[in-house]
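Q:
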Amino acid sequence: MMYKNLDESTAFKTLQAMSSIKLKEQLHPNRIESYQAKAGCGLRYNYAAMPIADNHLAVLQELSDELQLTQKYQALLDGEVMNTGEKRLVLHHLCRGQIGKTVFADGEDKGSFYQQQLTEIKAFSQAVRNGEIVGSTGKTFTTVVQIGIGGSDLGPRALYLALKGWCSRDKNKQLDAQFISNVDPDDAEQVIRALDLERTLFILVSKSGTTLETLTNRDFVVDAIQKSNIEGLVAEKHMVAVTSNSSPLASSSSVLKAFFIDDYIGGRYSSTSAVGAVVLSLAFGFEIFDELLRGAHEADLSAMNPNIRENGALLDALLGIYLRNVLGYPSTAILPYSQALSR
Numbered sequence: 001m002m003y004k005n006l007d008e009s010t011a012f013k014t015l016q017a018m019s020s021i022k023l024k025e026q027l028h029p030n031r032i033e034s035y036q037a038k039a040g041c042g043l044r045y046n047y048a049a050m051p052i053a054d055n056h057l058a059v060l061q062e063l064s065d066e067l068q069l070t071q072k073y074q075a076l077l078d079g080e081v082m083n084t085g086e087k088r089l090v091l092h093h094l095c096r097g098q099i100g101k102t103v104f105a106d107g108e109d110k111g112s113f114y115q116q117q118l119t120e121i122k123a124f125s126q127a128v129r130n131g132e133i134v135g136s137t138g139k140t141f142t143t144v145v146q147i148g149i150g151g152s153d154l155g156p157r158a159l160y161l162a163l164k165g166w167c168s169r170d171k172n173k174q175l176d177a178q179f180i181s182n183v184d185p186d187d188a189e190q191v192i193r194a195l196d197l198e199r200t201l202f203i204l205v206s207k208s209g210t211t212l213e214t215l216t217n218r219d220f221v222v223d224a225i226q227k228s229n230i231e232g233l234v235a236e237k238h239m240v241a242v243t244s245n246s247s248p249l250a251s252s253s254s255v256l257k258a259f260f261i262d263d264y265i266g267g268r269y270s271s272t273s274a275v276g277a278v279v280l281s282l283a284f285g286f287e288i289f290d291e292l293l294r295g296a297h298e299a300d301l302s303a304m305n306p307n308i309r310e311n312g313a314l315l316d317a318l319l320g321i322y323l324r325n326v327l328g329y330p331s332t333a334i335l336p337y338s339q340a341l342s343r
């Protein structure tokens, strides 16, 4: 299928011509109530503060249709190569449920592969939280520490902080979660100093299994365990890995268990894969993480609607094009209304 580029679009040229239109006479009288779009999961995207009117929305709809944006989204869901630079599929949506066609890659059904990992994570997290899996000195785990950089840290940490207060109010059993991402040893030292190592489970996250910063922090943790002089404390009984099934960590005796991801889930989109599933299921329980997956799946479904007034994700992207590519605004401010959303 051939797609138009933005600069080839007739609707985009119309949009550019609208940049000088005065808005005052065109503002909808019930703007705050009417300028909302569905965003899935009962959420609504309010765009009343954006410098647009109904005529802009009509042209943005034409732009979306002309560029075949929902068709491109469907192609992504169906497993077409979207990462053209690396010639990779983009499959993070399959971690939270099937939408498009069954996707086969590397000789396997990728949706089934991701679901199998979730099944294993569910069993493991329940066993840890129930005290069936314990540390090397026989004590139950009360803390989990994720070691990873970039997407192996940012998304999972953001979700943990966002859900922590809600789970506390719900009186849900929690394991404390900490994160080590900075290769500066002061970062790891500050976290480790406050830990009860006998009751701590470390999650080593590296797709390749060779990420220098992550392995450096792993070695720092192992060294701290060895220097603790706690009788019976064995590092490999306090570490699990999230990695690819071809990495050195996949079958390493240095970890208690390995859970798998692959090249089709980019780091920044990895929170609903094993990268986020292990730490969040251990911290809050798999049931909480499963609710998150169901919400993400619903959001994925809502993004299929070709009507931009009913598709908050698509409309937000189109408004971003208008603000940046037409009006020339150089930056975007993201202002969380809650401290829990600080990440």
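In this text, residue positions in the sequence shown follow this note's numbering: the first is 1, and each later residue adds one.
All C-beta atoms, glycine included, are put in the ideal place defined by N, C-alpha and C.
Buried or exposed: L23, going by 16 or more other Cβ atoms within 10 Å of its Cβ?
A: L23 should be labelled exposed.
Q: From what residue to what residue does the alpha helix (DSSP H) around S273 run?
A: No alpha helix (DSSP H) contains S273, which DSSP labels as neither H nor E.
Q: From S247 to L94, what distance separates their C-alpha atoms?
A: Distance between the alpha carbons of S247 and L94 is about 22 Å.
Q: Output needed for A283: all residues of its chain with C-beta closer than 7 Å, excluding positions within five of it in sequence on either side, in chain order.
A: Once the five neighbours on either side are set aside, the close Cβ partners of A283 are V144, Y160, Q174, L175, A177.
Q: Please state the DSSP three-state secondary structure of Q174.
A: In this structure, Q174 counts as coil in the three-state DSSP scheme.
Q: Going straight from the alpha carbon of K237 to that of L215, what length do you get?
A: If I take the Cα positions, the gap works out to 17 Å.
Q: With a CB to CB cut of under 6 Å and the five nearest residues on each side skipped, what residues in its chain are close to V234?
A: The answer, listed in chain order, is S136.
Q: Give me the DSSP bridge partner(s) of I21.
A: BP columns for I21 are empty, so no partner.
Q: Is the beta carbon of P156 less than 8 Å from the beta carbon of G266?
A: Not a contact, by the Cβ cut-off of 8 Å.
Q: Take Q36 as the anchor and find which of R44, P185, Q226 has the nearest alpha-carbon.
A: Nearest of R44, P185, Q226 to Q36, Cα basis: R44.
Q: Would you grab the beta carbon distance between A117 and F286 for me? Rounded to a whole angstrom, and I think it's under 8 Å.
A: Here residue 117 turns out to be Gln, not Ala, going by the sequence shown. Contact flag wrong, Cβ pair sits at about 12 Å.
Q: Counting only the same chain and skipping the five closest in sequence on each side, list residues whose C-beta sits under 8 Å from that of G131.
A: These residues qualify, in order along the chain: T140.
Q: Who pairs with A258 in a beta bridge, going by DSSP?
A: DSSP, once it has assigned bridges, lists A241 as partnering A258.
Q: Can you tell me which of the three DSSP states I288 falls into?
A: Here I288 sits in helix by DSSP.
Q: So, is G111 buried or exposed, given that buried needs 16 or more other C-beta atoms within 10 angstroms?
A: When all chains shown are included, G111 counts as buried.
Q: For K101, I'd like the list of residues in its chain whose CB is within less than 6 Å of its CB, leaving aside the five on either flank, ordered along the chain.
A: Once the five neighbours on either side are set aside, the close Cβ partners of K101 are D78.
Q: Closest to A53 by C-alpha separation, out of R309, A333, P330, Y264, would be which residue?
A: Ranking R309, A333, P330, Y264 by Cα distance to A53 puts R309 first.
Q: State the beta-bridge partners of R88 as determined by DSSP.
A: Paired residue(s): N83.
Q: Taking 8 Å as the threshold, find out whether the stretch 299-309 comes into contact with the stretch 183-192 through three or more Cβ pairs.
A: Judged by Cβ distances under 8 Å, the stretch 299-309 makes no contact with the stretch 183-192, as fewer than three pairs qualify.
Q: Enumerate in chain order the residues of its own chain whose CB-to-CB distance from A39 is below 6 Å, with the five nearest sequence positions on each side excluded.
A: So the list reads Y45, G312, once near-sequence residues are dropped.
Q: Using 8 Å for Cβ pairs, my map puts L319 next to Y73. What's the rounded Cβ distance?
A: No, L319 and Y73 are not in contact; Cβ-Cβ is about 17 Å, not under 8 Å.
Q: Helix, strand or coil: how does DSSP classify L314 here?
A: If DSSP states are grouped into helix, strand and coil, L314 belongs with the helices.
Q: Output the distance between the C-alpha atoms of A11 and L327, rounded to the nearest integer angstrom.
A: Spanning the two alpha carbons is a distance of roughly 15 Å.
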